[in-house]
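Engineer: Pasting in a structure now, in structure tokens, and then I'll have a few things to ask.
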Amino acid sequence: MENDIKKIAAQIKSLVDELAALANASNPKGQSTKKKVRTAEAKGAIGALNLLAEEGFFDTPKDISLVMGKLKEIGRYYPQPAVSMNLLNLTRRRIFTRIPDKETKNWLYVIKK
Numbered sequence: 070m071e072n073d074i075k076k077i078a079a080q081i082k083s084l085v086d087e088l089a090a091l092a093n094a095s096n097p098k099g100q101s102t103k104k105k106v107r108t109a110e111a112k113g114a115i116g117a118l119n120l121l122a123e124e125g126f127f128d129t130p131k132d133i134s135l136v137m138g139k140l141k142e143i144g145r146y147y148p149q150p151a152v153s154m155n156l157l158n159l160t161r162r163r164i165f166t167r168i169p170d171k172e173t174k175n176w177l178y179v180i181k182k
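If you want my numbering, it's the 1-based position in the sequence shown plus 69.
Below, the structure is given as structure tokens:
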């Protein structure tokens with residue numbers, strides 16, 4: 070009986086070694102197999118805002134009216150409450166920073182660097 074246990078343990082070890090070799094062969098550099106999620110693939114207003122951020126639109130502070138105008142330029146039509154809520158969500162996630170504009174009493178949004 071003890072020999073059977075040793076044979077089974079040896080078979081299991083050889084199978085585990087085989088699986089490890091296969092895993093290393095498919096991923097030679099030891100990189101993570103997790104997929105990277107791109108923020109621009111998001112749908113809706115938040116996806117459009119991420120697209121503008123990647124293009125560099127938010128490198129300088131912009132107010133909501135400029136953001137709405139730019140979205141309309143690229144053919145994305147969203148209601149202002151949806152855009153402002155997504156700007157606030159991106160601010161809460163610390164992707165954007167918002168700055169109060171003293172003249173107009175509105176918020177200006179800029180990407181954090």
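All C-beta atoms, glycine included, are put in the ideal place defined by N, C-alpha and C.
Source: prediction; values computed, not measured.
#1: Express the C-alpha separation of P130 and G113 in angstroms, rounding to a whole number.
#2: Give the secondary structure of D170 by DSSP, where H, G and I count as helix, E and B as strand, and everything else as coil.
#3: Under the DSSP definition of a beta bridge, which residues are partnered with F165?
#4: Whose C-alpha, out of N155, I81, D132, is nearest the C-alpha of Y178?
#5: Is there contact between the stretch 114-122 and the stretch 81-92, where contact requires at least three CB pairs shorter than 8 Å?
#6: Buried or exposed: where does L121 fall if 16 or more other Cβ atoms within 10 Å of its Cβ makes it buried?
#7: Pick helix, strand or coil for K131, following the three-state DSSP scheme.
#8: What is the DSSP secondary structure of M154, reduced to helix, strand or coil?
#9: Would you decide whether V152 is buried or exposed? Buried here means 16 or more other CB atoms lie within 10 Å of its CB.
#10: Got a sec? Which residues, its chain only, sit under 8 Å from T173 by beta carbon, not counting five neighbours each side?
#11: Taking buried to mean at least 16 other C-beta atoms within 10 Å of its own C-beta, is V136 buried or exposed?
Structural biologist: Based on what the coordinates show:
#1: A straight-line Cα-Cα distance of about 22 Å links G113 and P130.
#2: DSSP, reduced to helix, strand and coil, places D170 outside both helices and strands of the structure shown, so it counts as coil.
#3: Note: F165 sits in a beta bridge opposite I180.
#4: Looking from the CA of Y178, the closest CA among N155, I81, D132 belongs to D132.
#5: No, the stretch 114-122 is not in contact with the stretch 81-92.
#6: Taking every protein chain shown into account, the CB of L121 has 16 or more other CB atoms within 10 angstroms, so this residue is buried.
#7: For K131, the secondary structure class from DSSP, reduced to helix, strand or coil, is strand.
#8: The answer is helix: DSSP assigns M154 an H, G or I state.
#9: Flag for V152 reads buried.
#10: Apart from sequence neighbours up to five positions away, the residues of its chain that approach T173 with a beta-carbon distance below 8 Å are D132, ordered along the chain.
#11: V136 comes out buried.
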